[in-house]
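Participant: So the protein lines, in turn, are chains A and B. Counting from 1 along the first sequence, just add 12 to a position and that's the residue number in the working numbering. Counting from 1 along the second sequence, just add 1 to a position and that's the residue number in the working numbering. Glycine included, C-beta positions come from ideal geometry on N, C-alpha and C.
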Amino acid sequence: MAFFPRRPLRPSLFLGLRRTVQWQVSNVRSLSGSAIVGNSNHETKSGTEHGANSVAGKTTHFGFQQVPEHEKEELVREVFSSVAKSYDVMNDVMSFGIHRLWKDHFVTKLDPGRRPGGEPLSILDVAGGTGDIAFRMLDWATEIHNDHQSKVLVVDINENMLKEGQKRSLATAYADGSRIDFKVQNAEVLDAVPDNSQDLYTVAFGIRNFTDIPAALRAAHRVLKPGGVFACLEFSKVNVGLLDMIYKQYSFSIIPLMGQLVAADRDSYQYLVESIARFPSQKEFAGMIRDAGFEISGNGYEDLTVGIAAIHTGVKV
Amino acid sequence: MSSREFAVLFQRTPAHLTRARVCRSRLYHSYDHFPYQPYTPSQEKILSSALKHVPEYGFAKQSLVQGCRDAGYLDTTHAVFQGGVFDLVKFHLYKERQKLAALKPQIDEEEGKSVGKRIRRYCVERLKANEPIISKWTEAIAIMALPQNIPQSLEELAKLSDEIWFLVDDKASDFDWYTKRASLSAVYSSTELYMTQDNSPGFENTYEFLDRRLAGVQSAGSSISSMMTWATFTGIASINLLQSQLSRG
């Protein structure tokens with residue numbers, strides 16, 4: 013944090029002067045190889061997040077800023093409310109459309125669906141507002157396993173994203189709502205989901221926005237049945253030094269600019285880039301999953317496209 | 002500081018160093034450390050139940066799902082295995098490699114001192130472990146040969162040949178260390194491939210094939226070593242000759 017000038021906290025996302033400073037910092041760090049941008053922040057973050065109770069006045073990260081914990085939820089809500097409509101455009105811009113391949117691979121890997129002699133599945137898709145993953149999983153279950161019974165509950169903290177998903181579901185085969193349900197839920201609490209009730213918990217490109225990731229992982233552990241699988245698709249750390257440098261240049265200089273041009277919303281995109289840089293590395297995150305009580309197999313993750321994204325899985329035993 | 006204090010100081014390793022040493026993958030055989038366990042008890046239970054279904058379903062997702070059911074977990078549990086079916090293949094390789102060590106007393110007694118005979122016996126024992134699933138082993142080979150799986154498959158093969166050389170008490174630390182392991186790997190993998198196409202009773206053709214490959218390696222090995230002796234002698238003699246000529250001026 014020593015690199016960044018201190019400034020009063022405000023909910024507005026526009027940070028004119030600060031961005032210039034930060035841009036230089038990211039440049040310097042990129043040159044040092046695979047150093048994580050904002051690494052020093054991350055240490056303070058895990059320090060606060062592993063604490064037992066949240067105390068008033070404690071701060072967490074929001075992109076590269078430190079904000080009081082209770083404000084982060086609101087700030088993330090603002091970002092996603094403003095991008096809900098252009099969500100697909102945003103993802104396409106950020107990943108050159110590769111996010112579709114990642115999501116398809118994610119579903120292929122999980123291979124959800126009722127099998128001969130088995131039970132229909134209850135799937136919980138967290139932070140899945142627009143239903144991207146949910147529709148893919150239902151399609152997979154139906155087409156590959158001829159399963160017309162497995163259900164998905166889509167939860168999101170943001171009602172605007174859920175509305176977008178509900179609207180989209182009307183155009184699918186699941187319009188009658190018998191196999192898909194949408195609920196506003198905080199992933200750290202999941203109070204509408206009973207204990208030991210889910211076969212599969214998925215979260216795709218959502219978990220980095222949570223205020224308290226360990227709490228969300230504990231909630232996931234609570235709602236899964238024994239043998240149930242936690243699966244997370246999330247941006248991660250590029251594992252080849254040179255490519256990491258290029259990727260950082262791209263994400264910090266091009267993505268906010270494209271956000272401005274494509275969606276007229278530079279600040280939300282700036283946040284998304286910063287939140288990706290701030291998210292823990294594959295290994296650290298696998299450790300957090302284990303700390304929440306899950307059992308992982310091997311190293312617990314699979315890198316996609318040299319680590320730009322990664323799939324983490326854990327099983328509740 | 003007395004020498005005794007000095008020794009005590011050296012014996013105490015800081016906690017973080019001890020931990021790093023335990024976590025690091027084992028590069029050599031050690032009698033002091035517990036063998037590395039890559040599988041948790043529940044994963045071991047799932048994967049070994051899954052292997053029982055391989056003769057029926059092959060190396061396929063279905064075997065893994067059946068294994069999860071038999072072990073008392075859900076159908077979805079299979080998703081936790083990052084490599085999918087390749088994890089099942091690796092588990093088979095790992096398990097059968099681990100079993101070889103238990104045969105050491107028996108093989109030492111039955112095969113005597115001869116290194117060649119003991120190597121052959123370990124190869125035979127390892128190949129026998131493939132017999133129940135040999136009809137599906139081509140599927141496993143295909144999975145191992147996928148580009149993303151090749152490094153780990155080769156690593157597993159290297160570990161097998163290292164294990165066998167270790168079990169025959171080979172303590173060589175010269176360049177032979179590499180050639181021995183490389184040639185045994187080549188012999189074992191080609192024999193394994195031959196075995197998938199072998200219809201002879203009791204796989205006798207496979208074991209004859211193994212004998213021919215081992216004999217080939219031995220004669221190649223001895224030619225190479227005589228070549229090396231000749232080259233070393235000639236090299237040293239030439240240098241000596243040059244030196245004596247130069248010193249005469």
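For A:PHE74, count neighbouring C-beta atoms within 10 Å of its own C-beta (all shown protein chains included) and say buried if the count is 16 or more, exposed if not.
Facilitator: As a first step, residue 74 of chain A is located in the first sequence; it is residue number 62 there, counting from the start. When all chains shown are included, A:PHE74 counts as buried.
Participant: Would you mind sorting A:VAL196 into buried or exposed? The rule is 16 or more other CB atoms within 10 Å of its CB.
Facilitator: Working through the first sequence from its first residue, we reach residue 196 of chain A at position 184. So A:VAL196 counts as exposed.
Participant: Tell me the DSSP secondary structure of B:GLN83 in three-state form.
Facilitator: The sequence position of residue 83 of chain B within the second sequence is 82, counting from 1. It is coil, neither helix nor strand.
Participant: Check whether chain A comes within 7 Å of B:TYR74, counting only Cβ atoms and requiring the distance to be less than that.
Facilitator: What you label residue 74 of chain B is simply residue 73 of the second sequence in a count that begins at 1. Yes, B:TYR74 counts as interfacial toward chain A.
Participant: When you compare only the Cα positions, how much space is there between A:MET300 and A:MET102?
Facilitator: Stepping through the first sequence from its first residue, residue 300 of chain A is reached at position 288. Stepping through the first sequence from its first residue, residue 102 of chain A is reached at position 90. Between A:MET300 and A:MET102, the C-alpha separation is close to 28 Å.
Participant: When the Cα of A:TYR2 is compared with those of A:ALA298, A:SER265 and A:LEU182, which residue comes out closest?
Facilitator: Given a span of 13 to 329 for chain A in the structure shown, any question on residue 2 of chain A remains unanswerable.
Participant: For B:PHE234, is the classification buried or exposed, using 16 other Cβ atoms within 10 angstroms of its Cβ as the cut-off for buried?
Facilitator: Within the second sequence, the letter at position 233 stands for residue 234 of chain B. Exposed, since its Cβ has fewer than 16 Cβ neighbours within 10 Å.
Participant: Can a CB atom of chain B be found closer than 7 Å to the CB of A:THR317?
Facilitator: Taking the first residue of the first sequence as 1, we reach residue 317 of chain A at position 305. A:THR317 does not count as touching chain B.
Participant: Okay, do the region 101-116 of chain B and the region 61-68 of chain B touch, 3+ Cβ pairs below 8 Å being the bar?
Facilitator: no
Participant: Taking C-alpha atoms, which residue in B:ASP163, B:LYS172 and B:ASP170 lies nearest to B:SER186?
Facilitator: Within the second sequence, the letter at position 185 stands for residue 186 of chain B. Residue B:ASP163 is the option with its Cα nearest to B:SER186.
Participant: Using only the alpha-carbon positions, how far apart do A:ASN39 and A:PHE222 sit?
Facilitator: Along the first sequence, read from residue 1 onward, the residue named residue 39 of chain A stands at position 27. Along the first sequence, read from residue 1 onward, the residue named residue 222 of chain A stands at position 210. Interpretation of A:ASN39 is limited by its pLDDT of 38, a score under 50 that renders its predicted location unreliable; no figure is taken from the coordinates.
Participant: What residues of chain B sit near A:THR325, judged by a beta carbon separation below 9 Å?
Facilitator: Taking the first sequence and counting its residues from 1, the one referred to as residue 325 of chain A is at position 313. Residues of chain B passing the Cβ test: ALA80, VAL81, PHE82 and GLN83.
Participant: If you drop the 5 nearest sequence neighbours on each side, which residues of the same chain put their C-beta closer than 8 Å to that of A:VAL166?
Facilitator: Here the question's residue 166 of chain A lines up with position 154 in the first sequence. Excluding sequence neighbours, A:VAL166 sits near ASP137, GLY140, GLY141, GLY143, ALA146, LEU174, GLY177, ILE192, ASP193, PHE194 and LYS195.
Participant: A:GLY326 bridges to which residues according to DSSP?
Facilitator: Mapped onto the first sequence, residue 326 of chain A falls at position 314. Looking at the DSSP assignment, A:GLY326 forms a beta bridge with A:PHE242.
Participant: State the beta-bridge partners of A:LYS163 as determined by DSSP.
Facilitator: By one-based count along the first sequence, residue 163 of chain A stands at place 151. Its beta-bridge partners are A:SER134.
Participant: Residues of chain A with CB under 7 Å from B:GLN44, in chain order?
Facilitator: For the purposes of this step, residue 44 of chain B is taken as the residue at position 43 of the second sequence. Within 7 Å Cβ-Cβ: SER309.
Participant: Taking A:GLN78 as part of the beta strand (DSSP E), name the residues at either end of that continuous run.
Facilitator: Looking up residue 78 of chain A in the first sequence gives position 66. A:GLN78 -> beta strand (DSSP E) spans 77-80.
Participant: Between A:VAL138 and chain B, is the shortest Cβ-Cβ distance under 7 Å, so that the two count as touching?
Facilitator: In the first sequence, the residue the question calls residue 138 of chain A occupies position 126. Judged by the 7 Å Cβ criterion, A:VAL138 is not in contact with chain B.
Participant: Any contact of the region 103-113 of chain A with the region 122-137 of chain A, i.e. 3+ C-beta pairs under 8 Å?
Facilitator: Flag = no, the region 103-113 of chain A and the region 122-137 of chain A do not touch.
Participant: How is the alpha helix (DSSP H) around A:LEU150 delimited, first residue to last?
Facilitator: For the purposes of this step, residue 150 of chain A is identified with residue 138 of the first sequence, where counting begins at 1. 144-157 is the extent of the alpha helix (DSSP H) around A:LEU150.
Participant: Look at the alpha carbon of A:PRO268 and the alpha carbon of A:SER94, and state the distance between them as a whole number of angstroms.
Facilitator: As a working mapping, residue 268 of chain A is identified with position 256 in the first sequence. As a working mapping, residue 94 of chain A is identified with position 82 in the first sequence. C-alpha separation (whole angstroms): 14 Å.
Participant: Closer than 8 Å by beta-carbon distance: list the chain B residues that pair up with A:GLY239, in chain order.
Facilitator: As a position in the first sequence, residue 239 of chain A is number 227, starting the count at 1. Ordered by position in chain B, the residues that pass the 8 Å Cβ test against A:GLY239 are CYS69, GLY73, TYR74, LEU75, THR77 and THR78.
Participant: Terminal residues of the continuous beta strand (DSSP E) containing B:THR78?
Facilitator: The residue you call residue 78 of chain B lines up with position 77 of the second sequence. Taken as a continuous stretch (DSSP letters only), B:THR78 belongs to no beta strand (DSSP E), as it is neither H nor E.
Participant: Are three or more beta carbon pairs between the region 36-54 of chain B and the region 208-221 of chain A nearer than 8 Å?
Facilitator: Too few Cβ pairs lie closer than 8 Å, so no.
Participant: Any chance the region 151-158 of chain A sits against the region 112-124 of chain A, with 3 or more Cβ pairs inside 8 Å?
Facilitator: A contact exists between the region 151-158 of chain A and the region 112-124 of chain A.
Participant: If you follow the alpha helix (DSSP H) that A:ASP116 is in, where does it begin and where does it stop?
Facilitator: Position 104 of the first sequence, counting from 1, holds the residue named residue 116 of chain A. Per DSSP, A:ASP116 belongs to the alpha helix (DSSP H) from 110-122.
Participant: Which residues, in order along the region 156-172 of chain B, keep a beta-carbon less than 9 Å from a beta-carbon of chain A?
Facilitator: none
Participant: Compute the Euclidean distance between the alpha carbons of B:TYR189 and B:ASN206, then round it to the nearest angstrom.
Facilitator: In the second sequence, the residue the question calls residue 189 of chain B occupies position 188. In the second sequence, the residue the question calls residue 206 of chain B occupies position 205. Near 14 Å, if we compare the C-alpha coordinates of B:ASN206 and B:TYR189.
Participant: Under 6 Å Cβ to Cβ from B:ASP88, same chain only, skipping five residues before and after it: list those, please.
Facilitator: Residue mapping note: residue 88 of chain B aligns to position 87 of the second sequence, counting from 1. Only residues of its own chain outside the window of five on either side were considered, and among them PHE82 have a CB closer than 6 Å to the CB of B:ASP88, listed in chain order.
Participant: Below 8 Å on the Cβ atoms is my guess for A:PRO238 versus A:LYS328; work out the distance and round it to an integer in Å.
Facilitator: Translated into positions along the first sequence, residue 238 of chain A becomes position 226. Translated into positions along the first sequence, residue 328 of chain A becomes position 316. Confirmed, Cβ separation roughly 6 Å.
Participant: For B:SER41, would you say it is in contact with chain A, using Cβ-to-Cβ distances shorter than 7 Å as the test?
Facilitator: Along the second sequence, read from residue 1 onward, the residue named residue 41 of chain B stands at position 40. Note that residue 41 of chain B is Thr in the sequence shown, not Ser. Chain A, which has a Cβ nearer than 7 Å to the Cβ of B:THR41, makes this yes.
Participant: As a quick exercise: from A:ARG180, A:SER248 and A:LYS163, pick the residue whose alpha carbon is nearest that of A:SER293.
Facilitator: On the first sequence, position 281 is the one that residue 293 of chain A refers to. Residue A:SER248 is the option with its Cα nearest to A:SER293.
Participant: Tell me, please, whether the CB atom of A:VAL215 is closer than 7 Å to any CB atom in chain B?
Facilitator: Residue numbering aside, residue 215 of chain A sits at position 203 when the first sequence is read from its first letter. Answer no: the Cβ-Cβ gap between A:VAL215 and chain B never drops below 7 Å.
Participant: Tell me which residue opens and which closes the beta strand (DSSP E) that A:GLY260 is part of.
Facilitator: If you number the first sequence from 1, residue 260 of chain A lands on position 248. According to the sequence as given, residue 260 of chain A is Lys; it is not Gly. Segment 253-261 is the alpha helix (DSSP H) holding A:LYS260; no beta strand (DSSP E) there.
Participant: Counting only Cβ pairs nearer than 7 Å, list the residues of chain A close to B:LYS62.
Facilitator: One-based indexing of the second sequence puts residue 62 of chain B at position 61. Listed along the chain, the chain A residues whose CB falls inside 7 Å of the CB of B:LYS62 are ASP123.
Participant: Can you give me the C-alpha to C-alpha distance between A:GLY319 and A:GLY253, rounded to a whole angstrom?
Facilitator: Position 307 of the first sequence holds residue 319 of chain A. Position 241 of the first sequence holds residue 253 of chain A. Approximately 11 Å, taken between the alpha carbons.
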